[in-house]
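Step one of this worksheet: look at the structure below.
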Amino acid sequence: MARVLIRGGRVIDPAVDRDEMADVLIEDGHVVAVDAALDARDAEVVDASGCWVTPGFIDLHAHLREPGQEYKEDIASGGSAGAAGGFTSICCMANTDPVNDDPAVTEYILDRARHDSPVKILPIAAATKGLEGRVMTEMAALVEAGAVAFSDDGRTIMDSDMQRRVLEYSKMVGRPVSVHAEDLTLVRDGVVNEGPVSTRLGLPGNPSAAETINVSRDIHLAEITGGHLHIGHVSTAGAVALIREARVRGIHVTGEVTPHHLALTDAETMGYDTNTKMAPPLRSAADVAACIGGLADGTLDAIATDHAPHAVHEKEVEFTEAPPGVLGLETALPVVLGLVRDRHLSEAQLIASLTCNAARVFHLETGRLTRGAPGDVAVIDPERRWTYDPTKGYSKSRNSPWAGQEMIGRVVTTLVDGQVVYHVDRGVLRP
Amino acid sequence: MMGRGLLGIEDLGREDIELILDTADHMKEIGERDVKKVPTLRGRTIINLFFEPSTRTRTSFEIAGKRLSADVVNFSPSDSSLSKSESILDTAKTLDAMDPDAVVVRHRVAGVPKRIADVLDAPVINAGDGAHEHPTQALLDLMTVVENKGRIDGLTVTIVGDIAHSRVARSNVYAFTKMGAEVRVAGPPTMMPVEVECLGVKAFTSLREALDGADVVMALRIQRERLAGSMLPSVREYSASFGIDRAKLRFAKDDAIVMHPGPVNRGVELSHDLTDHRPSVILDQVRNGVAMRMAVLYLLAGRKRSRTEEAS
Amino acid sequence: MATDPPHPAPDGARPSAGGSAHPGEPGRPGERVAPAGVVLDDPAIQRALMRISHELLERTEDMRALYLVGIPNGGVPLARRIARNLQSIADLEVPVGVLDTTLYRDDLVSSGARPRLRRTEMPSAVDEHVVVLVDDVASTGRTIRAAMDALMDFGRPRAVQVVALVDRGHRELPIKIDYVGKNIATARGDLVKLRVSGETDAETLEMVLLRGEEGASA
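Residue numbers (this note's numbering), protein chains in the order written: chain A, 1 to 431; chain B, 1001 to 1312; chain C, 2001 to 2218.
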C-alpha cells in the first residue's frame, strides 16, 4: 500500500466547495482522506506549506502532434510539458498524421501514452474521416478504443448538414462534439483580428463575425439534435453572449477559453511576431473582457490551453505563412492566475475551470479530491516568481508569446495516481 | 528617428519628415547637373533585397545609390519562404554577414522588413511590405505636393482606390496627416479597411463628395486580380464610379493636381489624357523618387558602425 | 551665420592633429594667438573685400572670365559683395554661384554626422571660366579641397583661385589661399565665424573669435 501525504497546504477543491488548510492522504493511487493533521506514518511526504493543493488540471484541448509530426512535439514531451504545468490529464486533438479517425490510431496513442507520458492522455477522435468534413467517423468503435470526445479541430465542418449529423450521431455514444467554430469563407486569408489593428498592420483580417456566425449555427444544430456541443477556444464577445443565451434556453452547449484569449489582445500583434498568431486570433480588449466575464459567470466552463507546438523554422517565416498556434501547457497556470490577482475570478472559480468543470464537460472521473478519486494532484505556489524560457521547457517547440517574461505562480509538484511525476527542483520523474 | 532605418511613416515625427524633405530638395539639384554624381557614399554597399519583383522602385533605388557613388547590389530571391530552401531571416542574416551599409527590402507580406530589421545590424529601408507601408513613396509624394503647392498644411488630399490593400494609401495617410493636411479616402466599400477612421481620415463612397474642394487627387492602382471578383464587379463599374477624368476633376479645386504612384491602368484609374498631361504630376513623382531615395540613403547609409569601429 | 544645427565643420572649429604651418601662414607652434572677440568689424570687412576685389582685377588677365562661387554659408554674402565691388570698380557683370560642399566632405563617415545640406546654384557653366572660390574662414584646407572636387563635377574651369576673408592656419592639406583678408593666429580649439545680420545684400558682417570651450558650445 503506497501512501503519499501532501501536507500543510491550502486545499482548494471546488467540486465539493472545499477551500481550507488540510492534508491530503493518497493510498494506492486514490485519495483516502482530506483533513487537518493527518497521520503521516509510512507515507512519502510532499511538503505543501505555503502552497495551494488542488486536483490535477485537465486540459480539454491540446495538440501533441504524435503520430506524424514528432519533430514539433510528441506524447512524451507533451506529457512532460503538461506535468510541469500541473496538468494530470490532457485531451489530445485528432489532427495528427495519420488523423485519429480510426481505432488503430486511438490505440496507438494510448499505447504511447502508457509508455512515455508521465500524465494521463485522453484521445479526442476526429468527427469526420480525414477531417475532410464528408464522412462521419465510426464513433462507437472510437469510444470503445478510448476516445473521450470528437472534434475536427484544425478544420471546421462547413457543411451544415454534416455538422448536424455529427451532433445527432454523437448522442448515441454520449460524448461531446468539440468544434473549431469559424466560418472559413469569412476568415478567408485573415490572419489577425479584423479591426483597427489589421488596418494598421496591413494584414488580412479575420472578422469576429466568422466565429459568431458559426457558433450561432452550431447552437441551433445542437438545439434541434439534442447533441452535446462544446465550443472550442471561444474568443469573441458575440460567441460568449450566444452561449449564455443558449444555456438559458436549456440547450446542451458548453464552452472553453484559452489562457491567451483571457490575457492578450490583438495589440500584441503589432510587431508582426508570429508567436502572437493564433486561430482564432487574439481579439479586441472588449472581447477579452467578455471572455473573462463568461468564465466568471459560468457561461464558459473550462480553461483549455489549445497547446499548439510548431517548429522554429515553421514560425520564422512571413506572418501570413506561419502556422497559427502557440504553446500553452507550461504557462497556463501563471497566466490565468493573473485573473485572480486582478480580482476577475475567485481562486475557487479558477481552479474549477481547470478541474471539476472540465471533468464534468468530458465526463471524466478525475478533477476532484474526494474519497476514492484518483490521486491526481497539483501543488501550486501562487507567489513564486520565475522567468519562462521555452528553450529550457519540456515542449520540443518554443513558440510562445511569453518567452522571456517573468511569471508569477508556478506548479511545484504534480502527482498522477498518487505518484510524483513532476517536481520543480527535480523535473519530470518517470515512475 | 532614423537610427535603425526607415520602416514606415507611422514611426516618423513631423520634424523627421521635414528633415528628409529638405535633404531631398538638395538631392534633386544633383539630378539636374551634367555629372549626376557626388562621392558621398563612395565605398558603401547597398543591397536591394526585393522578394517581390518591382522594376520601377528597384531601379529608382539603384540610381539613387549610384548617384551617391555607392555600390548597389540587387538580390531578388524567389517569392516565399515556402518555395525556397532558405528562410527569409536566414537570407537576411547571410547578407548581413557581408556587411552592407543599408538593405532595402520589398516583400509581398506585411511585416517582413521589420522582422529583418530586428535581426540585422545594417539599417533597413522598407521599399513596400504587403498592404502595410511604402514610406519612400509617401515621402516623394509629399515632396511633389510641396513643389506644386508650396506647403502641405491646410490642404485637402483625396486618395482614391483600393485603400484596403494599398500600402501607398496607408503611408500617404500617415504622411499627409502628420504634415497638417486633411486627408480623405474614397473607394468601393469592399475596398475600404475596417474602421479606417482610426487612421485620422474621412472615408467616402461617393467620389464626387470626396473630390469636393480637393487640392490633391491621388489615384491608386487597381490590381487586375481584384477586378471581377468578390470585391469589385467589373472594370467598367470601377472606372465609372471612381476613375478620374477631367469631368470628375471639376469637383475638385480648379488648380488641383493629380497624382498616381504608377504604373497607371489607363482608362481605369485615370483617363488617358489625364495620365499624360497637366494637371497630372506623375513624372514629377518619378523624378522626385530618385531624389527622395538619395536623401534617405544619405541619411541612413554609411553611418559609423560600432562593430567595424571596434575591429579597426 | 549660424542657421545650421551645430556640426563639426572641417575648417572653422576643430583643426585636428598635425599642422606644421607653411611659411606665411599663422598657426606655427609657439606663436601668440589672437585675443577672443571681434577680429574684423563690418567696416574692416568692407575694406578687406574692396582690397581683394582690386587684387582680383589686377591679377586676372581676362577679367570677363571671372566667376565667383561662394561656399555656404559665410562665403555667399562675401562673394556677392565682391561681385558688387567688381561691378562698381570695373563695370563687370560677374556671375555668382553657390556651391555646397557637404556631400564632398571627407569626414562624413568617420564622424557619422549627417549635416543638413545647403543650396547649390550655379547660374552658368564653369567651363573656360576663372572660378574664384570664396569662403569666410580657411583653416585645414579640407573645405576648399571638397569645393574643388565639387567644382570639377560641374565642368572644367580654366583656372581656380581661392579667396578667404580670414586664414586662421592649421593647414592639413597642401591648399593655398590666393587672396586673404586677414591672417589670424588661433589655437586649435578656437572657433572663428562670420556673423551675418540684416537683409540679404544689405547685411551687417562681423568676424568673431570664440576661445576653446566657448567655441565648442557656440
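The C-beta atom is built at its ideal place from N, Cα and C for all residues, glycine as well.
Report back the beta-carbon spacing between residue i and residue j to the nearest angstrom; my notes put them in contact at under 8 Å.
i, j, result
"A1131 of chain B", "R1167 of chain B", "5 Å"
"L2056 of chain C", "Y2179 of chain C", "7 Å"
"V420 of chain A", "V46 of chain A", "7 Å"
"A1203 of chain B", "V1183 of chain B", "About 10 Å; that fails the 8 Å criterion."
"N206 of chain A", "V179 of chain A", "The pair is not a contact, with the Cβ atoms about 17 Å apart (cut-off 8 Å)."
"S198 of chain A", "V1194 of chain B", "7 Å"
"V24 of chain A", "V34 of chain A", "5 Å"
"T414 of chain A", "G29 of chain A", "The Cβ separation is near 14 Å, so there is no contact."
"G227 of chain A", "S151 of chain A", "Contact flag wrong, Cβ pair sits at about 13 Å."
"V1160 of chain B", "L1220 of chain B", "7 Å"
"D101 of chain A", "A94 of chain A", "7 Å"
So is residue i buried or exposed if we call it buried at 16+ other beta carbons inside 10 Å?
i, result
"E66 of chain A", "buried"
"S89 of chain A", "buried"
"I224 of chain A", "exposed"
"H115 of chain A", "exposed"
"R430 of chain A", "exposed"
"I1020 of chain B", "buried"
"G1154 of chain B", "exposed"
"L184 of chain A", "exposed"
"L1313 of chain B", "Lying outside 1001 to 1312, the shown extent of chain B, residue 1313 of chain B is not represented and no answer is given."
"S49 of chain A", "exposed"
"G2024 of chain C", "Any reading at G2024 of chain C must be qualified, since the residue scores a pLDDT of 49, below 50, and its modelled position is unreliable; the value itself is stated next. With fewer than 16 Cβ atoms within 10 Å of its Cβ, G2024 of chain C is classed as exposed."
"D2106 of chain C", "exposed"
"E1310 of chain B", "Caution is warranted here: a pLDDT of 38 is assigned to E1310 of chain B, below 50, making its placement in the model unreliable, and the coordinate value is therefore given only provisionally. Exposed, since its Cβ has fewer than 16 Cβ neighbours within 10 Å."
"P2035 of chain C", "exposed"
Candidates the options: which alpha carbon is nearest residue i's?
i, options, result
"A433 of chain A", "A:C51, A:P323, A:T212 and A:V326", "Outside the displayed span of chain A (1 to 431) sits residue 433 of chain A, for which this structure offers no information."
"E1029 of chain B", "B:L1068, B:V1160 and B:D1099", "B:L1068"
"G2075 of chain C", "C:A2147, C:L2173, C:D2201 and C:D2135", "C:D2135"
"R1042 of chain B", "B:K1178, B:V1268 and B:A1064", "B:A1064"
"E321 of chain A", "A:L345, A:V335 and A:M278", "A:M278"
"H1107 of chain B", "B:S1239, B:D1101 and B:F1075", "B:F1075"
"I380 of chain A", "A:I408, A:S395, A:A237 and A:R371", "A:I408"
"V2162 of chain C", "C:M2122, C:E2121 and C:T2060", "C:T2060"
"A1092 of chain B", "B:G1161, B:R1115 and B:A1219", "B:R1115"
"A2147 of chain C", "B:V1038, B:V1160, B:P1077 and B:P1189", "B:V1038"
"M2284 of chain C", "C:D2149, C:V2160 and C:V2096", "The structure shown does not extend to residue 2284 of chain C, since chain C spans only 2001 to 2218, so no value can be given for it."
"P280 of chain A", "A:V215, A:M162, A:P382 and A:D42", "A:V215"
"P2174 of chain C", "C:V2038, C:I2082, C:I2144 and C:A2202", "C:I2144"
"R2191 of chain C", "C:K2176, C:M2207, C:R2119 and C:R2142", "It should be pointed out that residue 2191 of chain C corresponds to Leu in this sequence rather than to Arg. Of C:K2176, C:M2207, C:R2119 and C:R2142, the residue nearest in Cα terms is C:M2207."
"A62 of chain A", "A:R112, A:V191, A:M158 and A:G79", "A:G79"
"S77 of chain A", "A:T391, A:G418, A:T413 and A:G404", "A:T391"
"K72 of chain A", "A:L60, A:C51, A:D97 and A:G50", "A:D97"
"A302 of chain A", "A:D59, A:A36, A:I6 and A:D152", "A:D59"
"D1071 of chain B", "B:T1055, B:N1048 and B:I1152", "B:N1048"
"R410 of chain A", "A:Y394, A:G393, A:W386 and A:R426", "A:W386"
"M21 of chain A", "A:C51, A:C91 and A:P118", "A:C51"
"L221 of chain A", "A:A210, A:V336 and A:I251", "A:I251"
"A1210 of chain B", "B:L1199, B:S1060 and B:G1243", "B:G1243"
Give me the chain B residues within the contact set of residue i, using Cβ-Cβ distance strictly less than 8 Å, ordered along the chain.
i, result
"L264 of chain A", "Correct list: empty, because the minimum Cβ distance to chain B is about 18 Å."
"L201 of chain A", "A1110, G1111 and H1132"
"H313 of chain A", "S1087"
Anything in chain C within Cβ reach of residue i, meaning under 7 Å, just list it in chain order.
i, result
"T1023 of chain B", "L2117"
Using a C-beta to C-beta distance shorter than 8 Å, which residues of chain C count as neighbours of residue i?
i, result
"T1057 of chain B", "Those within 8 Å of T1057 of chain B in chain C number zero; the least Cβ separation is about 23 Å."
"L1006 of chain B", "In chain order: nothing, as chain C lies at least about 13 Å away."
Under 7 Å Cβ-Cβ, which residues of chain B neighbour residue i?
i, result
"G293 of chain A", "Under the 7 Å cutoff, chain B gives no residues; its nearest Cβ is about 23 Å from G293 of chain A."
"P196 of chain A", "E1195 and C1198"
Residues of chain C with a CB under 9 Å from the CB of residue i: which are they?
i, result
"R1033 of chain B", "T2120, M2122, D2153 and F2154"
Can you list the residues of chain A that residue i reaches, using a CB-CB cut of under 9 Å?
i, result
"K1114 of chain B", "G271 and Y272"
Check the Cβ of residue i against every Cβ in chain A and list those closer than 7 Å, keeping chain order.
i, result
"R1170 of chain B", "G202"
> What alpha helix (DSSP H) runs, 4 residues minimum, are completely inside the stretch 1280-1308 of chain B?
Replying inline: DSSP runs (the alpha helix (DSSP H)) wholly in the stretch 1280-1308 of chain B: 1282-1300.
>> So within the stretch 2120-2169 of chain C, which uninterrupted alpha helix (DSSP H) runs reach at least 4 residues, ignoring any that extend past its ends?
In response: Inside the stretch 2120-2169 of chain C, DSSP marks whole alpha helix (DSSP H) runs of 4 or more residues at positions 2142-2154, from first to last along the chain.
>> So within the stretch 203-290 of chain A, which uninterrupted beta strand (DSSP E) runs reach at least 3 residues, ignoring any that extend past its ends?
In response: Listed in chain order, the complete beta strand (DSSP E) runs (minimum 3 residues) inside the stretch 203-290 of chain A are 229-231 and 253-257.
> Fully enclosed by the stretch 305-372 of chain A, which alpha helix (DSSP H) runs are 4 residues long or longer?
Replying inline: Counting whole runs of 4 or more residues, the stretch 305-372 of chain A contains the alpha helix (DSSP H) stretches 312-315, 332-341, 347-354 and 356-361.
> Where are the alpha helix (DSSP H) runs, 4 residues long or more, that stay fully inside the stretch 1145-1206 of chain B, in chain order?
Replying inline: For the stretch 1145-1206 of chain B, whole alpha helix (DSSP H) runs of length 4 or above, ordered along the chain, are 1167-1178.
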